[in-house]
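In our numbering, the protein residues as written are 4 to 642.
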Ligand code: C2E
Ligand code: MG
Ligand code: MG
């Protein structure tokens, strides 16, 4: 123990006599035991410091108790954390430091610096009148404080601050009392350490909870959390007889964006979309990120009608392009809707069903779809098929089918559309509707397109060898359109097989072109440069404006069968068919009608001046090697 570090006050024998000594030891003991109770009770570090200071003053009868922490700044200042009997602002005013200069000579400064308890007595002595203590002296004289002790607080072997006690008796703080008070300071230091450990523990637990329940990238609740919230909401909804809607939303082409622009841009896109979705949600709705590029929205107290409105609202919000990596990206989003209790009464099943519905959401249908029973089995079946598709290509299970196209005026065959079929060893012949869209979504369409191109070119070569001239049209999907190696591959095939460009045509759906009109335009121009014929497929189902259409280097449009088939019974469809024919002709394009199923439609199309027809009336899709046979038959009938 140091005596009188603050200007040598205690060099005289300060040992009190008998009764006084006993009284001061007893008060230190009282303080110690009350202090221990505070240690156990305190709920935080600040609270602990304050409680300890209160105990010292209230139970121990000391005049002032305060705690200062050493700040590791240039001045080596002291930051007062708690004070009872004085206040923190007042202590700060003294501007004590723990440095080695004159401002660091206070008891607390010395205790912190040296790590040894410091005792000062007879504070009112003249020896405290130095410039650094003028204020302290004034205060001591005014309040009748006489003695003090400063005890270092050691946490983890390091002095982090000190405990300062002031007493009214000039001869307070003799050795035994200081020993006990040192123990109190050590207890307090232990308490601080303990509180800090607990705080760290709490922070770690909060981080774990955050990681377990929230998505790092967007800060949104994750799938686990959504399931919990859904379960709670379902409980409540059940007793109140209310419905819950769950919307499942997926950002299309996300993998492609990640691949092309890098993961950082992909992340930015997701953050931007999450932000927009959040802005568009009300306080009652819960938005969560449930997959790589998948979000879910839980809407309590909502039936089908309201859920549909919300889906439209979300799609509207996401319609504007997102600005990422200096590009304006059009995120294509599909939304599936499932309802509690109608579609599922368990949280994970509801999510799964909304997801299954989402796979049905087509831009032409507004971009959202409601769950219908059976969809899930269907979805599972398709997913299982997807896993098989790779193998199917390798094991040559794909078949080339084709459907002839006929010129209406002359009734002559003018080519055929190449259509893929999958001859599954167990499931039999599978139509492309079952796997083409999924292959597009799963990003596995490229090998399928490659297979198709090989098949079409070698078939075309075989016909050429046999003296036939039937152009074959290949369907390209949206992924193909933006795939960088496509044009080189096609021009390579022309060189390999020595086929003239008129023999190969390409069909591109209107919605594929509209996904990214500018890049589509570029690809079309390069394709056109090869001399091939280009057709817009499923025309009428996308949103291309006339001005865009005019800029496309295409030779013809195929009116979607959804307008052609009902054209005799639906005036709207008839108007669409008629105006598309006019529009196409005005732009100098050939117009083909798909889905010509009967003679009446054929006649009507003929009267409207439509150029070409394709449909069941002429022929269903047939294996490509049956085309010559069909053709002979058709010629006979045409005569
Ligand atoms: P699409 O290109 O519009 O092809 C026309 C679809 O309509 C064919 O279905 C055909 O069988 C069907 N169809 C033709 N005439 C009629 C008719 O009179 N009535 C009815 N109800 N349907 C008719 P399919 O072969 O099932 O193909 C469906 C879609 O799958 C195609 O639509 C095309 O977008 C896609 N697809 C087919 N093969 C390929 C391919 O090799 N690659 C790519 N990327 N897509 C393909
Ligand atoms: Mg087609
Ligand atoms: Mg079509």
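All C-beta atoms, glycine included, are put in the ideal place defined by N, C-alpha and C. A quick note: this is a predicted structure, and the numbers were derived from the prediction, not measured.
Where do the ends of the alpha helix (DSSP H) carrying residue i lie?
i           : result
residue 199 : 178 to 216
residue 406 : Element bounds for residue 406: not the alpha helix (DSSP H) but the beta strand (DSSP E), 401 to 410.
residue 59  : 48 to 61
residue 227 : 226 to 243
residue 288 : It is not in any alpha helix (DSSP H) - residue 288 carries neither H nor E in the DSSP assignment.
residue 415 : Where residue 415 is concerned, there is no enclosing alpha helix (DSSP H), given that its DSSP letter is neither H nor E.
residue 92  : 91 to 96
Please find out if some non-hydrogen atom of ligand 3 comes closer than 6 Å to the beta-carbon of residue i.
i           : result
residue 614 : no
residue 575 : no
residue 420 : no
residue 600 : no
residue 483 : no
residue 597 : yes
Please classify residue i as buried or exposed, where buried requires at least 16 neighbouring CB atoms within 10 angstroms.
i           : result
residue 213 : exposed
residue 484 : buried
residue 377 : exposed
residue 77  : exposed
residue 6   : In this prediction, residue 6 has a pLDDT of 43, which is less than 50 and means its spatial position is unreliable; nothing more can be read from the coordinates.
residue 316 : exposed
residue 67  : buried
residue 250 : buried
residue 482 : buried
residue 285 : exposed
residue 2   : The structure shown does not extend to residue 2, since the chain spans only 4 to 642, so no value can be given for it.
residue 308 : exposed
Measuring from the CB of residue i, is there a heavy atom of ligand 2 at a distance below 6 Å?
i           : result
residue 513 : no
residue 510 : yes
residue 563 : no
Would you tell me roughly how many angstroms separate the C-alpha atoms of residue i and residue j, rounded to the nearest one?
i           : j           : result
residue 23  : residue 207 : 50 Å
residue 424 : residue 553 : 34 Å
residue 294 : residue 252 : 10 Å
residue 467 : residue 530 : 22 Å
residue 86  : residue 109 : 17 Å
residue 176 : residue 204 : 38 Å
residue 540 : residue 477 : 11 Å
residue 515 : residue 452 : 15 Å
residue 362 : residue 52  : 60 Å
residue 333 : residue 324 : 5 Å
residue 196 : residue 118 : 17 Å
residue 359 : residue 373 : 9 Å
residue 640 : residue 469 : 23 Å
residue 638 : residue 501 : 29 Å
residue 112 : residue 152 : 11 Å
residue 54  : residue 41  : 6 Å
residue 18  : residue 141 : Bear in mind that a pLDDT of 47 at residue 18, under 50, signals an unreliable position, so the model cannot answer this.
residue 335 : residue 258 : 12 Å
residue 627 : residue 527 : 27 Å
residue 62  : residue 37  : 7 Å
residue 328 : residue 268 : 6 Å
residue 280 : residue 422 : 39 Å
Hey, could you find the ends of the beta strand (DSSP E) residue i is sitting in?
i           : result
residue 508 : 507 to 512
residue 151 : 150 to 158
residue 679 : Nothing in the structure corresponds to residue 679, since the chain is present only between 4 and 642.
residue 83  : 81 to 87
residue 161 : 161 to 170
residue 303 : 297 to 303
residue 337 : 336 to 343
residue 253 : 247 to 254
residue 540 : 536 to 542
residue 502 : First-last for residue 502: undefined, no H or E at that position.
residue 70  : 67 to 73
Sorry if obvious, but does the Cβ on residue i come closer than 6 Å to a heavy atom of ligand 1?
i           : result
residue 435 : yes
residue 491 : no
residue 455 : yes
residue 618 : yes
residue 407 : no
residue 3   : With the chain covering only 4 through 642, there is no way to say anything about residue 3.
residue 540 : yes
residue 639 : no
residue 626 : no
residue 336 : no
Relative to ligand 5, is the shortest distance from any of its heavy atoms to the C-beta of residue i smaller than 6 Å?
i           : result
residue 478 : Questions concerning ligand 5 fall outside what the structure shown contains, since the ligands it does hold are ligand 1, ligand 2 and ligand 3.
Legend entry - Minimum length 3: unbroken beta strand (DSSP E) runs contained in the region 565 to 634: 593 to 596
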